[in-house]
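Colleague: Pasting a structure below so you can have a look.
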Amino acid sequence: PPVAIYAIGDPHLSLAVNKPMDIFGPRWADHAARFLQNWEATVGPDDYVLIPGDISWGMTLAEALPDLMEIDRLPGRKLLIQGNHDYWWQSLKKLRELPLRTITFIQNDAVLLPEGSVPGVEGRVAVCGTRGWITPGDRAWNEDPAHNEKIYRREVGRLRLSLEAGRKLGADRYIVMLHYPPVADDHAPTEFTRVLDE
């Protein structure tokens, strides 16, 4: 039967570290409690929730684990990619050894959704993704172009690997998560958009 697919980025949870979001303004007061309450009121046990990064303010896996366990406890099946603030993110082997039941980490691979589970979409759908990076048209690119080029190329390669993994699973449609936008403010094509167009 069809299930709902939700996406929410940048939860920035901090259950084990003292980094409340209200330092960014009063509208962020009690953000974690509201995030958790709204999730529980909205998401069903068979639904999918895509989280494209910035999951926890934890700097280490030990600091992030309480946040991951809280997300794991929530209803639904969660598919996560790394964000630029997810310093705790380790190798997939280490992440997949965590005692989590409802979370799947995506990096250089893909997750095939059950056929018919995406309302209004026929065929086999894979969820793919990578963190991404700023693109050459971004204002910050020239602050360190060699460094940015290196990470940009690596992330383009990771996106390609993820999409290829989806194809190998038999997907003919894709949902792609990126933490960074695939284009800069000028909206000019980038290597990310070229890979997505392939």
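Counting along the sequence shown from 1, when you hit position 140 you're at 140 in the UniProt record's numbering, and nothing is skipped either side.
A virtual CB, placed ideally from N, CA and C, is assigned to each residue, including glycine.
If you're wondering where the values come from, they're calculated on a predicted model, not measured in any experiment.
For alanine 32, name the three-state secondary structure that DSSP assigns.
Modeller: DSSP places alanine 32 in helix when its eight states are reduced to three.
Colleague: Run the CB neighbour count on proline 182, radius 10 Å, all protein chains shown included, and call it buried at 16 or more, exposed below.
Modeller: Looking at its Cβ environment, which holds 16 or more other Cβ atoms inside 10 Å, proline 182 is buried.
Colleague: Mind checking which residues open and close the alpha helix (DSSP H) that includes leucine 196?
Modeller: That run of the alpha helix (DSSP H) goes 191-197.
Colleague: Grab me the residues of tyrosine 152's own chain with a C-beta within less than 6 Å of its C-beta, minus the 5 sequence neighbours each way, in chain order.
Modeller: Counting only Cβ-Cβ distances below 6 Å, and skipping sequence neighbours, we find Trp133.
Colleague: Determine the DSSP secondary structure at serine 162, reduced to helix, strand or coil.
Modeller: Here serine 162 sits in helix by DSSP.
Colleague: With respect to the beta strand (DSSP E) encompassing arginine 173, which residues constitute its N-terminal and C-terminal limits?
Modeller: From DSSP, the beta strand (DSSP E) with arginine 173 extends over 173-178.
Colleague: Under DSSP, the alpha helix (DSSP H) around isoleucine 71 begins and ends at which residues?
Modeller: From DSSP, the alpha helix (DSSP H) with isoleucine 71 extends over 61-73.
Colleague: Go through its chain and collect everything with a Cβ distance to arginine 158's Cβ below 6 Å, but skip five positions before and after it.
Modeller: Taken in chain order, the residues that qualify are Asn108, Thr130.
Colleague: Considering only DSSP beta bridges, list what tyrosine 48 is partnered with.
Modeller: Tyrosine 48 pairs with Ile5, Arg77.
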